[in-house]
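Reading through the structure tokens given below for one structure.
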Amino acid sequence: MTLDHLLAPDARLEKVASGFTWVEGPAWIPARGVLRFSDIPGNRVVEFSEADSRTAVFSDDAEFPNGRTLARDGSVIECSHGRRAVQIDRSASEPGADYAPEGGPDLLIRPLDRPPEPPRARAPVN
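The numbering of the sequence shown is our numbering, which starts it at 43 and goes up by one.
Next comes the structure, spelled out in structure tokens:
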């Protein structure tokens with residue numbers, strides 16, 4: 043299996059930031075025009091802005107969030123390795139809003155085992 047069916051024929055790889063040892067959990071946040079990812083050794087969350095092509099530290103002492111996805115309402119769901127918890131940033135869907143995570147302990151063994159969004163209703167397949 044290849045990625046050909048997922049990528050546009052003219053898609054190209056673009057390096058948007060450097061200076062990191064290893065990063066995880068990238069998520070594009072369309073409402074804010076940023077790519078949010080974790081700098082794991084730096085224990086911080088960083089955002090790359092498409093508007094000005096700059097990176098900025100979004101949060102320090104982040105407790106190693108390494109799984110991230112976007113909910114249907116635009117909130118960011120993150121899994122924190124350090125806290126062993128799932129947290130939700132509902133402000134991510136609002137341009138210019140302050141970071142406001144919600145979350146608590148969960149029963150996950152590995153933080154990348156984030157719960158998926160509930161499936162959308164589909165017509166039965168015969």
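Glycine included, each C-beta is placed from N, C-alpha and C at the ideal position. This one's a predicted model, so the numbers in the text were calculated from it and none came from an experiment.
On the premise that residue 97 lies in contact with residue 106, defined as a C-beta separation below 8 Å, what is that separation, rounded to the nearest angstrom?
To locate residue 106, count along the sequence shown from 1; it is residue 64. To locate residue 97, count along the sequence shown from 1; it is residue 55. 18 Å between Cβ atoms; not a contact.
Could you give the residue range of the beta strand (DSSP E) that holds residue 237?
In the structure displayed, the chain extends from 43 to 168; residue 237 sits before or after that span and is not available.
Whole-Å CB distance - residue 124 paired with residue 67, under 8 Å assumed
The count along the sequence shown starts at 1 and reaches residue 124 at position 82. The count along the sequence shown starts at 1 and reaches residue 67 at position 25. Residue 124 to residue 67, Cβ: 13 Å. No contact.
Look up residue 143 in the DSSP assignment and say whether it is helix, strand or coil.
To locate residue 143, count along the sequence shown from 1; it is residue 101. Confidence is the limiting factor: at residue 143 the pLDDT is only 49, short of 50, which leaves the residue's position unreliable, though a coordinate-based value still follows. Three-state DSSP puts residue 143 in a strand.
Thinking residue 117 and residue 135 are a contact (beta carbons under 8 Å), I'd like their distance in whole angstroms, please.
As a first step, residue 117 must be located in the sequence shown, where it is residue number 75. As a first step, residue 135 must be located in the sequence shown, where it is residue number 93. Residue 117 to residue 135, Cβ: 6 Å. Contact.
According to DSSP, is residue 78 part of a helix, a strand, or is it coil?
One-based indexing of the sequence shown puts residue 78 at position 36. Here residue 78 sits in strand by DSSP.
Output needed for residue 99: all residues of its chain with C-beta closer than 7 Å, excluding positions within five of it in sequence on either side, in chain order.
Looking up residue 99 in the sequence shown gives position 57. These residues qualify, in order along the chain: 86, 88.
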